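>
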Amino acid sequence: MKILVIGSGGREHALVWKIAKSPKVTKIFCAPGNAGIADLATCIPINSDNIYKLLEFVQKEKIDFTVVGPEAPLTKGIVDIFEKQRLKIFGASKKAAEIEASKSFAKRLMNKYNIPTAKGKTFTSLSKAKQYLDSVGTPIVIKADGLASGKGVFVCATEKDTKQALDEIFTKKAFGDAGKKVVIEKCLKGEEVSFLAFTDGKTVLALPSSQDHKAIFDDDKGPNTGGMGAYSPAPVVTERLHQKIMNEVMIPTVRAMSAEGRKYKGVLYAGLMIDNDNIQVLEFNARFGDPEAQPLLMRLKSDIIPIMEAISEERLHECALEIDDRATVCVVMASGGYPGSYPKGMPISGLDKVKRMRDTYVFHAGTSKDKDRIVATGGRVLGVTSLGDTVEKAIQKSYEAVSNIDWEGVYFRKDIGQKAVKRIARKPLVGIVMGSDSDLKVMEETMAALRQFGVPFEITVASAHRSPARAAKYASTARDRGLKVIIAAAGLAAHLAGSIAAHTTLPVIGVPINASSVQGLDSLLSTVQMPPGIPVATVAIDKPGARNAGILAVQILAVSDLELAKMLDVFKSEMAAAVEQKAKKFENIR
């Protein structure tokens, strides 16, 4: 197959690198490409948004398949134009790409189809936007409605910040037509995550989670950029949360787009805010993220060409993704001054040294060739990407490679991936012990409650009767391992909680499991009837008991944790408000 990849950045280099591994591919072209891409493909001097020149090239060269990298040609309708000519192409149609091209459209879509997102309003008038901001206050988020290369979002902490943001968008017209409208929305708290999935408009195949670093400086300080680094997987996205994102965001969005007559085919990118167990969509993109593509494509072991063909032909249900279990980290090296103005033409040294490093690859973003030298010509210049057995090892490899590369004024963040390292290092505060692995479905309620409040936990199996030594050891070492509360779940004779309580001075909560014909009353009595000096708290049988056990554990921890106490206050208030809302339905019934 002859392939054309459209684009010139790090994302496109990663796509070319991945496509080059396919045994189906004989020749790759890239328009316009860059100095790094030129090692793997023939670069063609046609800009990525010059659609009819690209069409002419594809027809002349008899290209078998075209892959679109950036958003601009998608929003201009390149997929529609190529498909009218019966040419095979990978990417979203013009109508589908509006999910990225217009933040106000995306907001309306999410509100209509109950896809979780922050409350927001759209404005075309500076005076009305200011009036609204006066009424809602700060913190608040202001977004240019259209495409702004990742730089059109302003997180405003003060009134001064809001004035500066509106001045940039409306008065200075920093984003041109993209700033004719603004979306003003609630400022969400939590941890940002990138979640990407392949879809043919029916089937949705998720890629691993990843996390971008948008701010220019360490600790997420300074103005937004196109992205200063990324890693995968993002440990904030647990297996359960991954499924929740699929069920509440990705699949509903693909269905919503079809319902609106905008069948979505390609890669759907959701930028999410994760706050414990709560998911909110920040934005959608209609293509691979950059720099998320670099670590994700390094982890994708499957041949990407059959996947892209299946999407184009709407038979993605035939495909499965094979993912490398190892972590990947991409550190972006940029020119000094970026995301503002920056110098160009500085020669880059050290690239040959990095080529000899195993499981490390340098994806070029803003480079070109000047005779025999590779020079920096962009704001984001290189994406140094490494695989490692852990995130920490991948970070170490990437920064080791970065240390070998240099040019005048080079800049890079030094904290890429550190959120993952800190999250992985968090010690569990609650231990969940089940008498059998069959109790897991019930205890998922406990885990959900703990996740809701961001309480780290561990879970294991130990039997009071079949493995008494294991149960005793778990309990007797729990305090030294940093646990504060133990939750023990068992059915039938249900002596596990008492056995655990006998070997620890930590508070123990028992969850009686319904595993018999007497609806769990046997396990309830076994759990609650403890001898003096061996207290076990018991709140209810089975799933309600499991849920309440998690809440009670949080309340115990909140005695010495003010933040948890505040979260519990909000939780109780929300429960009361929900009851009030239900009560209103019956006010006029007589």
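Throughout the sequence shown, residue numbering follows this note's numbering, covering 1 to 590 in sequence. For each residue, glycine too, the CB sits at the ideal point set by N, CA and C. Predicted model, so just to flag it, every value in this text is computed and none were measured.
(1) Is it right to say Ala577 is buried, meaning 16 or more other beta carbons lie within 10 angstroms of its own, or is it exposed?
(2) Could you spell out the range, first to last residue, of the alpha helix (DSSP H) harbouring Asp569?
(3) In this structure, does DSSP put Ser335 in helix, strand or coil?
(4) Quick one: which unbroken alpha helix (DSSP H) runs of 4-plus residues sit fully inside the stretch 21-67? Chain order, please.
(5) Between Ile487 and Ala553, how many whole angstroms is the CB-CB distance? I'm expecting something under 8 Å.
(6) Which residue wins for smallest C-alpha separation from Thr75, given the options Glu100, Leu525, Asn588?
(7) Could you tell me whether the stretch 10-21 touches the stretch 52-71, using the rule of 3 or more Cβ pairs below 8 Å?
(8) What do you get for Gly345, buried or exposed, if any count of 16 or more other CB atoms within 10 angstroms of its CB means buried?
(9) Under 8 Å: do the stretch 196-203 and the stretch 257-269 share three or more Cβ pairs, one atom per stretch?
(10) Buried or exposed, going by whether 16 or more other CB atoms sit within 10 Å of the CB of Arg299?
(11) By the DSSP assignment, the beta strand (DSSP E) with Gly229 in it spans what residues?
(12) So, at 8 Å on beta carbons, what are the nonlocal neighbours of Gly520 in its own chain, with the 5 sequence-adjacent residues on each side left out?
(13) Determine whether the beta carbon atoms of Ile432 and Ala489 lie at a separation below 9 Å.
(14) Let's see if you can read the secondary structure: which residues bound the beta strand (DSSP E) around His670?
(15) By the three-class DSSP mapping on this structure, what secondary structure does Met273 have?
(16) Roughly how many angstroms separate the alpha carbons of Glu98 and Gly150, rounded to a whole number?
(17) Tell me the residue span of the beta strand (DSSP E) that contains Phe123.
(18) Can you tell which of Ala493, Ser476, Val518 has its C-alpha closest to the C-alpha of His503?
(19) Cβ atoms of Leu382 and His364: under 9 Å apart, would you say?
(20) Across which residues does DSSP place Arg380 in a beta bridge pair?
(21) Does the beta-carbon distance from Glu410 to Val384 come in below 9 Å?
(22) For a test of the three-state rule: what should DSSP assign to Ile513, helix, strand or coil?
(23) With a threshold of 16 other CB atoms inside 10 Å of the CB of Val281, please say whether the residue is buried or exposed.
(24) Report the partner residues of Glu458 according to the DSSP bridge assignment.
(25) Who does Asn224 pair with in a DSSP beta bridge?
(26) Can you give the Cα-Cα distance for Ala173 and Gly179, rounded to whole angstroms?
(27) Answer yes or no: do Leu166 and Val182 have a C-beta to C-beta separation smaller than 9 Å?
(28) Our contact map puts Val402 next to Val331 with C-beta atoms below 8 Å; I'd like the distance itself, whole angstroms only.
(29) Would the stretch 332-343 count as touching the stretch 410-423 if we require 3 or more Cβ pairs under 8 Å?
(30) Give a yes or no on whether the C-beta atoms belonging to Thr162 and Ile142 are separated by under 9 Å.
(31) Reducing DSSP to helix, strand and coil, say where Gly550 ends up.
(32) Quick check: the stretch 258-265 against the stretch 125-144, are at least 3 beta-carbon pairs closer than 8 Å?
(33) Report the residue ranges of all beta strand (DSSP E) runs contained in full by the stretch 113-162; include only those spanning at least 3 residues, in chain order.
(34) What is the DSSP secondary structure of Ser403, counted as helix, strand or coil?
(35) How many angstroms separate the CA atom of Lys24 from the CA atom of Thr253?
(36) Residue ranges of each beta strand (DSSP E) run of no fewer than 3 residues wholly in the stretch 247-318, ordered along the chain?
Taking the geometry as given:
(1) Around the beta carbon of Ala577, a 10 Å sphere encloses fewer than 16 other beta carbons of the protein chains shown; the residue is thus reported as exposed.
(2) Annotation: the continuous alpha helix (DSSP H) that includes Asp569 extends over 562-584.
(3) Strand at Ser335.
(4) Correct list: 51-61.
(5) Contact flag correct, Cβ pair sits at about 6 Å.
(6) Comparing Cα positions, the closest option is Glu100.
(7) The answer is yes - the stretch 52-71 touches the stretch 10-21, with three or more Cβ pairs under 8 Å.
(8) Taking a 10 Å sphere around the C-beta of Gly345, we find fewer than 16 other C-beta atoms and assign the residue as exposed.
(9) The stretch 196-203 makes contact with the stretch 257-269: 3 or more CB pairs, one atom from each, lie closer than 8 Å.
(10) So Arg299 counts as buried.
(11) Taken as a continuous stretch (DSSP letters only), the beta strand (DSSP E) holding Gly229 covers 229-232.
(12) Taken in chain order, the residues that qualify are Gly491, Pro512, Ile513, Asn514, Ile541, Asp542.
(13) Yes, the pair counts as a contact, with Cβ atoms nearer than the cut-off.
(14) Past the edges of the chain, shown from 1 to 590, lies residue 670, and the structure says nothing about it.
(15) DSSP, read as helix, strand or coil, puts Met273 in strand.
(16) Looking at the two C-alpha atoms, the distance is approximately 16 Å.
(17) From DSSP, the beta strand (DSSP E) with Phe123 extends over 120-123.
(18) Ranked by Cα distance from His503, the options Ala493, Ser476, Val518 are led by Ser476.
(19) Yes, they are a contact pair.
(20) Ala334, per the DSSP bridge assignment.
(21) It should be pointed out that residue 410 corresponds to Val in this sequence rather than to Glu. Result no, Cβ atoms of Val410 and Val384 do not sit closer than 9 Å.
(22) In this structure, Ile513 counts as strand in the three-state DSSP scheme.
(23) Answer is buried; the Cβ neighbour count reaches 16.
(24) Bridge partners of Glu458 according to DSSP: Gly431.
(25) Beta-bridge pairing links Asn224 to Ala215.
(26) According to the sequence displayed, residue 173 carries Lys and not Ala. So the alpha carbons of these two residues sit roughly 7 Å apart.
(27) Going by beta carbons, Leu166 and Val182 fall inside the 9 Å limit.
(28) In this structure, Val402 and Val331 form a Cβ contact; the two beta carbons are roughly 5 Å apart against a cut-off of 8 Å.
(29) The count of Cβ pairs closer than 8 Å, one atom from the stretch 332-343 and one from the stretch 410-423, reaches three, so the stretches are in contact.
(30) Result yes, Cβ atoms of Thr162 and Ile142 sit closer than 9 Å.
(31) In this structure, Gly550 counts as helix in the three-state DSSP scheme.
(32) Counting Cβ pairs under 8 Å, fewer than three are found: no touch.
(33) 120-123, 140-144, 153-156, all fully within the stretch 113-162.
(34) Coil, per DSSP.
(35) Lys24 and Thr253: Cα-Cα distance of roughly 32 Å.
(36) Fully enclosed beta strand (DSSP E) runs of 3 or longer: 266-275, 278-285.
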